[in-house]
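For the sequence shown, the tail end lands on 343 under the working numbering, and the numbers increase by one without skipping.
Every residue, glycine too, gets a C-beta built ideally from N, C-alpha and C.
Because the structure is a prediction, the values reported are computed rather than measured.
Notes for the one structure printed next.
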Amino acid sequence: MIKKIFQKFKKNDNLSDTEFLENKEDDSSYKEQAIDTLQEETEIHINEESTIENNSSFFNKLKLGLSKTKQGISEKIDSLLKTYGKFDEEFLEELEEILITSDIGMDTTLKIIDKLREEVKSRKITETIDVKSVLKDVIENFLTTTDSNKLNIDPSPSVILVIGVNGVGKTTSIGKLAYNLKSQGKKVLLAAGDTFRAAAIDQLKIWGDRTGVNVIHHQEGSDPAAIIFDAIQAAKARKIDVLICDTAGRLHNKKNLMNELSKVFKILDREYPEATREVLLVLDATTGQNALQQAKTFKEVADITGIVLTKLDGTAKGGVILGITSELNIPVKLIGVGEGKEDLQPFNPKDFANALLSDN
Ligand SMILES: Nc1nc2c(ncn2[C@@H]2O[C@H](COP(=O)(O)OP(=O)(O)OP(=O)(O)O)[C@@H](O)[C@H]2O)c(=O)[nH]1
Ligand SMILES: [Mg+2]
-16 MIKKIFQKFK KNDNLSDTEF LENKEDDSSY KEQAIDTLQE ETEIHINEES
34 TIENNSSFFN KLKLGLSKTK QGISEKIDSL LKTYGKFDEE FLEELEEILI
84 TSDIGMDTTL KIIDKLREEV KSRKITETID VKSVLKDVIE NFLTTTDSNK
134 LNIDPSPSVI LVIGVNGVGK TTSIGKLAYN LKSQGKKVLL AAGDTFRAAA
184 IDQLKIWGDR TGVNVIHHQE GSDPAAIIFD AIQAAKARKI DVLICDTAGR
234 LHNKKNLMNE LSKVFKILDR EYPEATREVL LVLDATTGQN ALQQAKTFKE
284 VADITGIVLT KLDGTAKGGV ILGITSELNI PVKLIGVGEG KEDLQPFNPK
334 DFANALLSDN
């Protein structure tokens, strides 16, 4: 192995293998340099490979993650398109039923139907076969809000506060996000702001170990605002690009939860005003219309800048995403499609509409 490494350096030395090895075998600094270079090259190679793999598998993974929701919407729409030749009010009524049962919600469904009717008329479409692409456009439009879907972490430093009720997937999403940002070369730090349960702190520490990211934590029951304070100081001292803060989802009551959040916001305002701020509300797609209700409640107390919609892989209720974006005008920024560290994807309205209504 060492010989192989040395051969990489031999090019510049004009020596035979044996001479080279004899000269260099006991030169430890040379050895270290050679090993470092080889490791670096291997890493670059692995990263290149995984980027290529990610690009080609990205859309497939999204489709796979959405397979249950697709079964609920896409397959039913396809069979409807086959049954009805003509685009008429009866067709629209059937479509309305499919959308409502996919958890898109009544209000949003009616708006989608109205928009579809309008678009079909203006594009002079009469055959149902041509309706699918119009519906894709309409859905993409409903998923698009005035704010960008891109995670707002530039310029550095930035802080991401992750909020949401218990069990929705906050800590898991933080772990995945830390992995994702670190892979992009960012310096990431985590703050264990959920002090309500000891297990919550341990869970974040496990993600920290898994992703090689440090976690600032105190003990169970300590003041979350104090942890956020310490984490901000650490982030400044260590020149961290992105500080991600976990928060409790479960407290004795809603009032306590909201008070705790407002204390955390005060610390952020006072101690880290220069940081680009992102407040992500995590919602569990499997809870359907309940997720919409949670979003409305949190919106009253927090300036939510984006939504992370988790567990899309385990539900046929992914349609709720349309209700959330169109009713609240908050962009979905990330979606969770599994429990692994790579199962968090950036959200893009066009890709999502295409994956949802794709033919296979
Ligand atoms: N299938 C699937 N499971 C997920 C996803 N995201 C999170 N989970 C699972 O959901 C469960 C709850 O996730 P947590 O990250 O602990 O949720 P939390 O919001 O931090 O919960 P609390 O700390 O109790 O407030 C865990 O078993 C996760 O593995 C996802 O995108 N897909
Ligand atoms: Mg948690």
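Alpha carbon to alpha carbon, what distance is there between residue j and residue i?
i	j	result
Gly319	Asp213	29 Å
Gly204	Ala181	8 Å
Val145	Asp71	45 Å
Asn163	Asn43	19 Å
Ala218	Asn135	18 Å
Glu310	Gly195	38 Å
Lys324	Val291	15 Å
Asn312	Arg106	27 Å
Ala274	Gly232	14 Å
Pro314	Gly321	21 Å
Gly68	Lys316	37 Å
Asn337	Arg260	31 Å
Glu36	Val247	Model confidence at Glu36 stands at a pLDDT of 42, short of 50, so the residue's coordinates are unreliable; what they give is reported in the following sentence. About 39 Å.
Leu339	Leu244	35 Å
Asn197	Cys228	12 Å
Gly147	Gly88	21 Å
Ser341	Thr111	16 Å
Thr308	Leu118	17 Å
Thr104	Asp97	Here residue 104 is Lys; the residue named in the question, Thr, does not match the sequence. In a straight line, the C-alpha of Lys104 is about 11 Å away from that of Asp97.
Gln277	Leu63	33 Å
Ile287	Thr280	11 Å
Asp326	Ser131	21 Å
Lys294	Lys51	11 Å
Phe335	Ile60	16 Å
Asp192	Ser141	22 Å
Asp252	Lys159	26 Å
Ile166	Val151	For the record, residue 166 in the displayed sequence is Ser; it is not Ile. Those two C-alpha atoms are separated by around 25 Å.
Gly271	Thr84	11 Å
Glu79	Ile95	9 Å
Leu172	His200	11 Å
Ile122	Glu58	16 Å
Asn242	Ser139	28 Å
Could you check if residue i belongs to the surroundings of ligand 1, using beta carbon to heavy atom distance under 6 Å?
i	result
Thr52	no
Gly150	yes
Thr293	yes
Asp296	yes
Glu322	yes
Gly48	no
Please state the DSSP three-state secondary structure of residue i.
i	result
Glu260	In the sequence as presented, Glu is not what sits at residue 260; that position holds Arg. Note: Arg260 maps to strand in three-state DSSP.
Val148	coil
Lys65	helix
Leu292	strand
Lys324	coil
Asp206	coil
Phe335	helix
Phe281	helix
Thr298	coil
Asp213	helix
Asp97	helix
Lys219	helix
Lys364	This structure cannot speak to residue 364, because the chain is shown only from -16 to 343.
Thr308	helix
Asp252	helix
Ile227	strand
Asp267	strand
Val247	helix
Ile199	strand
Taking buried to mean at least 16 other C-beta atoms within 10 Å of its own C-beta, is residue i buried or exposed?
i	result
Pro332	buried
Lys133	exposed
Glu73	exposed
Thr109	exposed
Thr129	exposed
Glu101	exposed
Val54	In the sequence as displayed, the identity of residue 54 is Gln instead of Val. Its Cβ having fewer than 16 others within 10 Å, Gln54 is exposed.
Thr269	buried
Gly168	exposed
Asn6	With a pLDDT of 49 at Asn6, under the threshold of 50, the predicted position of this residue should be treated as unreliable, though the coordinate-derived value follows. With fewer than 16 other Cβ atoms within 10 Å, it is exposed.
Gln216	exposed
Val86	Strictly speaking, residue 86 in this sequence is Asp, with Val absent from that position. Classification for Asp86: buried.
Ile223	buried
Phe330	buried
Report whether the distance from the Cβ of residue i to the nearest heavy atom of ligand 2 is below 6 Å.
i	result
Thr230	no
Lys153	yes
Ala183	yes
Asp267	no
Asp177	yes
Any beta strand (DSSP E) of 3 or more consecutive residues that is wholly inside the region 111 to 187:
141 to 146 and 171 to 176
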